[in-house]
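Enquirer: To start, I am sharing the structure in question, which I have written as C-alpha cells.
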Amino acid sequence: MPRKRIPVVAGWFTEEGAGEFRLLGTRCPLCSSVFFPRQDGFCRNPGCTGGKPAEVPLSPRGTVWSYTDGRYRPPPPYPSDPDAPWEPYTLVAVELAAERMVVLGQAAPGVGVADLAVGMTVEVVPGVLGPDSGSGCGADDDGTVWTTWHWRPVDTGSEDTGAGGGAR
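Going by the working numbering, the letters in the sequence shown line up with residues 300 to 467, in that order.
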C-alpha cells in the first residue's frame, strides 16, 4: 500500500512531479519585498502601506551563509521518540541574493558539516521527514511520509570551497 505524502507545511514549496522543485514565498505588489515563510494577508515591511502579497517561487540556488549540526534530540515541547534511533543532522542557512534573504533548512541526507563551506553554492531539493530520510524519524502510525525541502551542494567545478570556510 503506497504511503500518503503530505507537506510539513502546505504552500511552502512545490510538490514533486510539479516541474522544478521550488520554495514558495510571497512578494508585496507595492514595495516588492519577498517573504519566506510566506505572508499571505499583508506586507510585513513596516515602511509599506501594503497590498495583498502574491505567491512567487524563490531562487532554486543560493550560497551557504552559515551551517551547523544538531547532535541532540529536540527538547520538549517538540515531539521526539526516545526509543527511535537518533542521527545527527546538518542545518544550513542559505542566502538567496535575488530575494535578499536567508532561508534555513536541513542539508540533504549524507551531507554533513565537513561537506559544506561558507560561500558554497547549494540548491533546494525535495526531502522527507520519516523512514526514507535517513534521519532516524519514523512515519506516522498511518504510514504518512512528511515532505519538506533540503539543501544540497552544487558541483560547479570551479568553486573554491576549501580553506577559510567554516561555520560562522
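Cβ coordinates follow ideal geometry from the N, Cα and C atoms, glycine included.
Computed from a predicted model, the values in this text were never measured in an experiment.
Thinking C-beta only, is VAL427 closer than 9 Å to TRP445?
Expert: The residue given as residue 445 occupies position 146 in the sequence shown. The residue given as residue 427 occupies position 128 in the sequence shown. Yes, these two residues count as a Cβ contact at 9 Å.
Enquirer: Could you check whether LEU390 and ASP368 sit closer than 9 Å to each other, using their CB atoms as the reference points?
Expert: As a first step, residue 368 is located in the sequence shown; it is residue number 69 there, counting from the start. As a first step, residue 390 is located in the sequence shown; it is residue number 91 there, counting from the start. Yes, the pair counts as a contact, with Cβ atoms nearer than the cut-off.
Enquirer: Please determine, among GLY418, PRO356, GLN338, LEU357, the residue with the shortest C-alpha to C-alpha distance to GLY349.
Expert: Mapped onto the sequence shown, residue 349 falls at position 50. The residue with the shortest Cα to Cα distance from GLY349 is GLN338.
Enquirer: Can you list, in chain order, the residues of its chain with a C-beta nearer than 8 Å to that of GLY404? Leave out the 5 residues immediately preceding and following it.
Expert: Position 105 of the sequence shown, counted from the start, is the residue given in the question as residue 404. Excluding positions up to five away in sequence, the list reads LEU390, VAL391, VAL393, VAL423, THR447, TRP448, HIS449, TRP450.
Enquirer: Mapping the DSSP letters down to three states, classify ASP454 as helix, strand or coil.
Expert: If you number the sequence shown from 1, residue 454 lands on position 155. The answer is coil: DSSP assigns ASP454 none of H, G, I, E or B.
Enquirer: Quick one: what's got a C-beta closer than 6 Å to SER379's C-beta in the same chain, skipping five residues either side?
Expert: If you number the sequence shown from 1, residue 379 lands on position 80. Counting only Cβ-Cβ distances below 6 Å, and skipping sequence neighbours, we find ARG372, PRO373.
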